[in-house]
Every structure is written in structure tokens, then in C-alpha cells.
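To convert a position in the sequence shown, counted from 1, into this note's numbering, add 3.
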Amino acid sequence: MFDANFYDVQTDEEFWVSGPKRDRTDTRYGPANPEIEPGAVTTYHAFLDGAPLPGRENG
Numbered sequence: 004m005f006d007a008n009f010y011d012v013q014t015d016e017e018f019w020v021s022g023p024k025r026d027r028t029d030t031r032y033g034p035a036n037p038e039i040e041p042g043a044v045t046t047y048h049a050f051l052d053g054a055p056l057p058g059r060e061n062g
């Protein structure tokens with residue numbers, strides 16, 4: 004995995020997963036708008052406004 008941090012065990016496809024950042028530098032290479040799944044839009048915008056991510060309420 005030269006340029007990836009995860010891979011699909013069924014297809015061996017490698018990909019990079021980055022956590023969200025409040026300064027919106029979510030992408031790995033340069034400024035860009037991240038692709039946000041429709042079911043996560045509300046949580047993402049709440050995170051940008053200061054709410055903790057689900058499962059990370061305590062750090």
C-alpha cells in the first residue's frame with residue numbers, strides 16, 4: 004500500500020480515507036471540496052460548527 008491507508012479485502016482495491024477537519028482541509032492533496040455521503044451531511048455540518056463526531060464525544 005504505497006499510497007493508501009485502507010484496502011478492500013474482497014477486491015484488493017486500495018484507497019485513502021481521511022477524517023474530517025474543521026478547517027475544511029479534508030482532502031489529501033490540496034484544497035478541494037470533499038465528497039460527503041448524503042446521510043452524513045447533517046453530522047458533517049454539525050461537526051464544522053463544533054459538535055463532536057459520533058463515537059468521539061470523549062476525545
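Positions of the beta carbon are idealized from the N, C-alpha and C atoms, including for glycine.
| query | result |
| --- | --- |
| Start-end ranges of the beta strand (DSSP E) lying completely within the stretch 25 to 52, minimum 3 residues | none |
| Secondary structure of residue 17, DSSP reduced to three states | strand |
| CA-to-CA distance, residue 50 to residue 22, given in whole angstroms | 11 Å |
| Pairwise C-alpha distance: residue 7 and residue 52 | 29 Å |
| Reduced DSSP secondary structure (H/G/I, E/B, other) of residue 5 | coil |
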